[in-house]
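The C-terminal position of the sequence shown is numbered 387 in full-length UniProt numbering, with every residue numbered one higher than the one before it.
Here a beta-carbon is modelled for each residue, glycine too, at the ideal position from N, C-alpha and C.
Worksheet: one structure, shown below.
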Amino acid sequence: MVSRVRVWLNRTYAENVFFMDQLRRNPSDRAVEIHATHGDADSPVLAAADTADLEPEGLSPAAYVEYALDQCQRRGIDVFVPRLEQAAIVAHRADFEAIGTALLAPTPEAVAVFEDKVVAYEAVRAIGVPVPPWHRARNADELVAAVEELEEAGYRACFKPASGAGGVGFRVITRAPFSLMHLSGFPTPYVQLDMVVEALKQADEAVDWLVMPRLEQPEVSVDCLTGPDNRVRMAIGRTKNGRRRGFTLQEQWLEPARRIAEGFGLHYLSNIQFRMFGDEPVLMDVNTRPAGGLHQLSLCGVNAPWAAVQLALGEDPGEVVPPFLGQDYTVVSGPRPLRAVSLPHQRIEDSTEPLLPAVPAQAEAVVPAQTGVVEVTPAGAAEVLPL
Numbered sequence: 001m002v003s004r005v006r007v008w009l010n011r012t013y014a015e016n017v018f019f020m021d022q023l024r025r026n027p028s029d030r031a032v033e034i035h036a037t038h039g040d041a042d043s044p045v046l047a048a049a050d051t052a053d054l055e056p057e058g059l060s061p062a063a064y065v066e067y068a069l070d071q072c073q074r075r076g077i078d079v080f081v082p083r084l085e086q087a088a089i090v091a092h093r094a095d096f097e098a099i100g101t102a103l104l105a106p107t108p109e110a111v112a113v114f115e116d117k118v119v120a121y122e123a124v125r126a127i128g129v130p131v132p133p134w135h136r137a138r139n140a141d142e143l144v145a146a147v148e149e150l151e152e153a154g155y156r157a158c159f160k161p162a163s164g165a166g167g168v169g170f171r172v173i174t175r176a177p178f179s180l181m182h183l184s185g186f187p188t189p190y191v192q193l194d195m196v197v198e199a200l201k202q203a204d205e206a207v208d209w210l211v212m213p214r215l216e217q218p219e220v221s222v223d224c225l226t227g228p229d230n231r232v233r234m235a236i237g238r239t240k241n242g243r244r245r246g247f248t249l250q251e252q253w254l255e256p257a258r259r260i261a262e263g264f265g266l267h268y269l270s271n272i273q274f275r276m277f278g279d280e281p282v283l284m285d286v287n288t289r290p291a292g293g294l295h296q297l298s299l300c301g302v303n304a305p306w307a308a309v310q311l312a313l314g315e316d317p318g319e320v321v322p323p324f325l326g327q328d329y330t331v332v333s334g335p336r337p338l339r340a341v342s343l344p345h346q347r348i349e350d351s352t353e354p355l356l357p358a359v360p361a362q363a364e365a366v367v368p369a370q371t372g373v374v375e376v377t378p379a380g381a382a383e384v385l386p387l
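As structure tokens, then:
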């Protein structure tokens, strides 16, 4: 009898409820039990897991590694998918292996390269992958100089943190003065240069920003699965152009993604994002963890989470090739159940209180489009990506 697999996801994105769903629906019908931890008692991943714990707050990276080792040992974790404190955790891979836990995460060297976007751009450019022009800004003078240089070259300038993920902190520079026009409609990423400069001059803390041209669509996120032997088993592009999403196997996107994944040891699941700079695809960002929209590959008949778990367990899934490319689609959000808790810090492990009725993970709908139909992915599938 094949034993069940115990998988732990720590403080992961809400969209990874679909990652968990796919593990349970693996094609081998192997039993998978999922443990989840989070700092927010209302995270839907806690309700989706078989067992769950609230994470302690305020731990140093070293203390978090000790917490993680204890979780893995007490819970009998076979595969750990770390997001929080990934760098500290992968540096202790041997300690996790010693207690029987495989880390579904890249090498420490890969995590270090891609934690800092400036270091990443320099490293990727050195292996021949195109990157956009960029400047590093730590104060108002450096920001203004970078913006002026980009504008003189005919580009619209934007900035984002040199370290960060998920589009947090991304802004597009405008010189239009602040007016009531900016208070109508929904908030936008546009911010006035003079307001940013004034904020920097008044700030008591330093910033570390990457200033670059705003890149154009389409945006292509290439989901890669790479083995510890540095050989890519899967590379599939997910395209984004406005609300329309789709898939691609065009080599102009996949070839540079493979080069990055293999060249830097991006083992297991990674997500490598490109946009257009003029008529050339250039690197936008590299995520050393599974993308929030990874489950969308199920529309191509691919179960990437399970293939990654197999690889982590030493069971090589071989080449993961989509049997077909799904049609264009869009994403919508919807409700997910939460665990019932009465106190903010109540322990929620193995809660016996009833949950809301589960929302079918594969519920789908189609809506008319100008050409054919647009497929609506499972509820909650929306993904925020940096521009």
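Which of helix, strand or coil DSSP assigns to residue i
i	result
L59	coil
D194	helix
S179	coil
A31	coil
L311	helix
F159	strand
W253	helix
Y329	strand
D53	strand
E85	coil
E122	helix
N303	coil
P44	helix
S184	coil
L150	helix
E353	Because the pLDDT of E353 is 39, which lies under 50, any placement of that residue in the model is unreliable, and the number read from its coordinates should be weighed accordingly. In the structure shown, E353 sits in coil (DSSP, three-state: anything other than H, G, I, E or B).
G263	helix
Cβ shell of residue i (< 6 Å), same chain only, five flanking positions each side left out
i	result
L294	D223 and A304
R6	E33, G76, I77 and D78
E88	Going by the sequence as given, residue 88 is Ala instead of Glu. Contacts found: P61 and V65.
R93	L103
Residues of its chain near residue i, where Cβ-Cβ distance is below 8 Å and the 5 sequence neighbours each way are ignored
i	result
G242	Q217
E149	H135
E262	T226, N230, R231 and V232
P322	I236, F247, L249, L297, C300, G301 and V302
R258	C224, V232 and A235
I127	R259, I260 and G263
Exposed unless 16 or more other CB atoms sit within 10 angstroms - verdict on residue i
i	result
M195	exposed
S333	exposed
A153	exposed
A62	exposed
L180	exposed
R58	One point to set straight first is that residue 58 is Gly, not Arg, in the sequence displayed. Exposed, by the Cβ-count rule.
R4	exposed
P130	exposed
F186	exposed
Q346	At Q346, the pLDDT of 47 sits below 50, so the modelled position is not reliable and the matter cannot be decided from this model.
F178	exposed
Q22	buried
V17	buried
R175	exposed
R74	exposed
V309	buried
E319	exposed
A199	exposed
D285	buried
L311	buried
Residue i - partner residues in DSSP beta bridges
i	result
F80	W8 and L103
L283	F274
L269	L225
N241	R244
W209	A137 and P161
R171	F159
I236	D223
H38	L54
E216	M276
Cβ shell of residue i (< 7 Å), same chain only, five flanking positions each side left out
i	result
N287	A165, S270 and N271
A110	F264, G265, L266 and T288
L46	A36, H38, A52, R339 and I348
L254	V222, A235 and G237
R24	V32
N26	V32, N303 and W306
Presumed contact (8 Å Cβ cut-off) between residue i and residue j, rounded CB distance
i	j	result
G237	Q250	7 Å
H38	R11	5 Å
S43	A68	Not confirmed; about 17 Å, so no contact.
F277	L215	6 Å
V124	P108	Contact doesn't hold; Cβ gap of about 18 Å is too wide.
R275	A206	At roughly 28 Å, the Cβ-Cβ gap does not stay under 8 Å, so R275 and A206 are not in contact.
V211	A146	4 Å
D197	A140	Note on identity: in this sequence residue 197 is Val, with Asp being the wrong assignment. Contact flag correct, Cβ pair sits at about 5 Å.
M20	A48	5 Å
P82	A102	Not quite, the Cβ-Cβ distance comes to about 11 Å (not below 8 Å), so this is no contact.
Y190	V172	5 Å
L283	W209	Between W209 and L283 the Cβ distance is about 18 Å, and since that is not below 8 Å, they are no contact.
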